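Trainee: If you're matching positions, the sequence shown starts at 1213 in this note's numbering and goes up one per residue.
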Amino acid sequence: MSMLTNSAKAVKLKEGLHSATPYNHTDIPDFGGLKVFVLPGAFYGSCCALMAEAGCIKADSIADADIVVFVGGEDVNPILYNEKPVNSTYFTPSRDREEVIAYKEAVARRKVMFGICRGAQFLHVMNGGKLWQDVDGHAGRPHQMLDVETDTFLTVTSLHHQMLRDNPRLNIVGISVEQRTTRFEAENEVVHVGENSVQPGLEIEAGYYTDSRCFFVQGHPEIGTPQYRSWTMNKLFDFYEEAVMGDEGPDPDTTPTVIGLLTHQPSALETEVLGQIG
1213 MSMLTNSAKA
1223 VKLKEGLHSA
1233 TPYNHTDIPD
1243 FGGLKVFVLP
1253 GAFYGSCCAL
1263 MAEAGCIKAD
1273 SIADADIVVF
1283 VGGEDVNPIL
1293 YNEKPVNSTY
1303 FTPSRDREEV
1313 IAYKEAVARR
1323 KVMFGICRGA
1333 QFLHVMNGGK
1343 LWQDVDGHAG
1353 RPHQMLDVET
1363 DTFLTVTSLH
1373 HQMLRDNPRL
1383 NIVGISVEQR
1393 TTRFEAENEV
1403 VHVGENSVQP
1413 GLEIEAGYYT
1423 DSRCFFVQGH
1433 PEIGTPQYRS
1443 WTMNKLFDFY
1453 EEAVMGDEGP
1463 DPDTTPTVIG
1473 LLTHQPSALE
1483 TEVLGQIG
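1) With a floor of 3 residues, list each beta strand (DSSP E) that falls wholly inside the segment 1247–1300, ordered by position along the chain.
2) Is the beta carbon of N1400 closer than 8 Å to that of P1241?
3) Rounded to whole angstroms, what's the CA-CA distance from S1442 to L1448? Just pull it up for me.
4) Roughly how many whole angstroms lie between the Cα atoms of R1395 and V1403?
5) Secondary structure at L1371, three-state DSSP: helix, strand or coil?
6) Which class does L1229 belong to by DSSP, given the choice of helix, strand or coil?
7) Give the DSSP bridge partners of Q1333, in chain order.
8) Could you check whether the segment 1363–1370 touches the segment 1276–1284, counting it as contact only if at least three pairs of C-beta atoms, one from each stretch, sit closer than 8 Å?
9) So what's R1395 in DSSP terms, helix, strand or just coil?
10) What is the DSSP secondary structure of F1326, counted as helix, strand or coil?
11) How long is the line joining the alpha carbons of L1229 and N1299, rounded to whole angstroms?
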């Protein structure tokens, strides 16, 4: 079962907890006038303000942007990861369609993408990932996240009821320090931690996909603490620098996005999926 696999990975990733130190920085890096295109969604104004604080300026289109930002909001349509919705899942087909098209264009133009909350889940799905459609313990008060790259921890916001499921291609950056979720639900699957020897699973808070240039956080730094804002923007800055310096574009033959790239005519499957979500 995937939960047991994730449990072993969670133990490995949390090995740095015994020596972890608080992330106390509040500095916001200067992006030097990079252009950002922020798609509409939850806390849109706060997201724009966060990017502006980092020295970014508004782009009028994806083509004009250096970074494309996918923000929070309703759930991602489960059809995008080959599932049917559970009772608690709610989504807006028109938004899914618009963001799929935006993602396709951003990939084709080799833009760096940044996801917040729903945006994190959407970018994960577009890179072949799946979601837990309903979890407990996260749609409420803030909690601590461990940065597994630097063994630092900080307080992050937590306003979501869905969660990323691990993906072999996903580079995990942040995980929840304490186990918060006891119930995980997907289509035809409900897992209760503690029952039938099920151990705590992985609660992913931040990660990235190198080949598609996607970095994301599950929380909302735009309304978070100064430390969370600083941590997120410094990570995004470093990710952007590495992506541009490495100039690694996606390989259509090896990047398993659900919809595909804008470098070919839409397939029958692409047409079918776009029709179902729009």
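Every residue, glycine too, gets a C-beta built ideally from N, C-alpha and C.
Note that this is a predicted model, so its numbers are computed, not measured.
Mentor: Taking the geometry as given:
1) 1247–1250, 1279–1282
2) Reading the sequence shown from its first residue, position 29 is the one you call residue 1241. Reading the sequence shown from its first residue, position 188 is the one you call residue 1400. Not a contact, by the Cβ cut-off of 8 Å.
3) Translated into positions along the sequence shown, residue 1442 becomes position 230. Translated into positions along the sequence shown, residue 1448 becomes position 236. Whole-angstrom Cα-Cα distance: 10 Å.
4) In the sequence shown, the residue the question calls residue 1395 occupies position 183. In the sequence shown, the residue the question calls residue 1403 occupies position 191. When rounded, the separation of the alpha-carbon atoms in R1395 and V1403 is 6 Å.
5) Position 159 of the sequence shown holds residue 1371. In this structure, L1371 counts as strand in the three-state DSSP scheme.
6) Numbered from 1 along the sequence shown, position 17 holds the residue referred to as residue 1229. Helix, per DSSP.
7) The residue you call residue 1333 lines up with position 121 of the sequence shown. BP columns for Q1333 are empty, so no partner.
8) Short answer: they don't touch.
9) Reading the sequence shown from its first residue, position 183 is the one you call residue 1395. Of the three classes helix, strand and coil, the one that applies to R1395 here is strand, per DSSP.
10) As a working mapping, residue 1326 is identified with position 114 in the sequence shown. F1326: strand per DSSP, three-state reduction.
11) Position 17 of the sequence shown, counting from 1, holds the residue named residue 1229. Position 87 of the sequence shown, counting from 1, holds the residue named residue 1299. Those two C-alpha atoms are separated by around 36 Å.
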